[in-house]
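Accompanying notes for the structure given below.
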Amino acid sequence: MELKGEYRIPAGREQVWAMLNDPAVLKACIPGCESLEGSPAEGFAARVTTKVGPVKATFNGQVTLSNVKPPESYTISGEGKGGVAGFAKGGADVHLAEDGSDTVLTYDVNAQVGGKLAQLGSRLIDSTAKKLADQFFSSFAEKAAAAAAPREGIVGEVEEIVHEVEEVAREAEEEVEAKAAAGFLGGPYGWGLLVILALLLIYVIAT
Numbered sequence: 247m248e249l250k251g252e253y254r255i256p257a258g259r260e261q262v263w264a265m266l267n268d269p270a271v272l273k274a275c276i277p278g279c280e281s282l283e284g285s286p287a288e289g290f291a292a293r294v295t296t297k298v299g300p301v302k303a304t305f306n307g308q309v310t311l312s313n314v315k316p317p318e319s320y321t322i323s324g325e326g327k328g329g330v331a332g333f334a335k336g337g338a339d340v341h342l343a344e345d346g347s348d349t350v351l352t353y354d355v356n357a358q359v360g361g362k363l364a365q366l367g368s369r370l371i372d373s374t375a376k377k378l379a380d381q382f383f384s385s386f387a388e389k390a391a392a393a394a395a396p397r398e399g400i401v402g403e404v405e406e407i408v409h410e411v412e413e414v415a416r417e418a419e420e421e422v423e424a425k426a427a428a429g430f431l432g433g434p435y436g437w438g439l440l441v442i443l444a445l446l447l448i449y450v451i452a453t
């Protein structure tokens, strides 16, 4: 079975990469996922219940990552066993590309199925796999967009505060220079230092 796809995710590549490596996010997005434990370094163990045509089964699987190139790409490999329903194993190459403020995710899957699953026919298996992939990435895109929105709001607020701080500092500097011939607090250099400290403080709070 071969399956390719491309999805546009409304979030930056660094954020998308972090979410793709977060077990809690993956568990919430994978249809029928009952448990997902592990880490990108050690691999993941998952338990998923799904239905392919008339066959419904619970699969226990192991997944490992290789060829990891943060935050651009990795290869995911694994195998899931569903008892008498059969098994599925294979791998997928995942790639993230920046496109403005969005991230374009592409994947290329090559997998094998056996047991009752193999008897259902490639057309049904392919359509089910595509449906599950669409459900996963639709949910993932929603979570990524929701996570990005507050951050964008914070950035906007920080930029506004920075502008206000710069304006206040400029006005104060002009007033001090006019009254004290640039002697109070070291004139422009003193106020410049205060502005820099204020901006650093705002940056630390925002991040």
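Counting in the working numbering, the sequence shown runs from 247 upward without gaps. Here a beta-carbon is modelled for each residue, glycine too, at the ideal position from N, C-alpha and C. As the structure is a prediction and not an experimental result, all values here were calculated from the model.
Just tell me which of the options has its CA closest to the CA of residue i.
| i | options | result |
| --- | --- | --- |
| PHE333 | ILE322, LYS389, GLY307, GLN261 | GLY307 |
| ALA393 | LYS250, GLY251, GLY258, GLU248 | GLY258 |
| GLY360 | LEU249, ARG254, VAL301 | VAL301 |
| ARG369 | ALA390, VAL298, GLU388, GLY337 | VAL298 |
| ARG254 | ALA379, PHE382, ASP345 | ASP345 |
| THR321 | GLY337, GLY329, ALA331, LYS327 | GLY337 |
| PHE290 | LEU311, LEU342, GLU280, CYS275 | LEU311 |
| LEU266 | SER285, SER373, ALA395, ALA303 | SER285 |
| THR304 | SER373, SER281, ALA343, GLY251 | SER281 |
| LYS362 | GLU252, GLU288, ASN313, ILE371 | ILE371 |
| LEU378 | GLU288, LYS335, CYS279 | CYS279 |
| ALA287 | GLU260, VAL262, ALA270, VAL309 | VAL309 |
| LYS315 | GLU260, VAL271, PRO269, PRO256 | GLU260 |
How should residue i be labelled, buried or exposed, when 16 other C-beta atoms within 10 angstroms of its C-beta is the threshold for buried?
| i | result |
| --- | --- |
| THR295 | exposed |
| VAL401 | With a pLDDT of 47 at VAL401, under the threshold of 50, the modelled position of this residue cannot be trusted; read the value that follows with caution. Flag for VAL401 reads exposed. |
| ALA292 | buried |
| ASP348 | buried |
| ALA387 | buried |
| GLY326 | buried |
| GLY328 | buried |
| VAL330 | exposed |
| GLY390 | The residue asked about is misnamed: residue 390 is Ala in this sequence, not Gly. So ALA390 counts as buried. |
What are the boundary residues of the beta strand (DSSP E) that includes residue i?
| i | result |
| --- | --- |
| GLU248 | 248-255 |
Since residue i contacts residue j with CB under 8 angstroms, what's their CB separation in whole angstroms?
| i | j | result |
| --- | --- | --- |
| LEU249 | ALA375 | 6 angstroms |
| VAL221 | SER319 | Outside the displayed span of the chain (247 to 453) sits residue 221, for which this structure offers no information. |
| GLN358 | PRO277 | Not really, about 21 angstroms apart at Cβ, beyond 8 angstroms. |
| PRO317 | LEU342 | 6 angstroms |
| CYS275 | SER373 | That belief does not hold up - the Cβ atoms of CYS275 and SER373 are roughly 20 angstroms apart, past 8 angstroms. |
Which ranges does the beta strand (DSSP E) cover as unbroken runs of at least 3 residues, wholly within the region 328-369, from first to last along the chain?
-> 333-345, 348-360
In the region 258-314, which residue ranges form an unbroken beta strand (DSSP E) of at least 3 residues, counting only runs that do not cross its ends?
-> 279-285, 289-298
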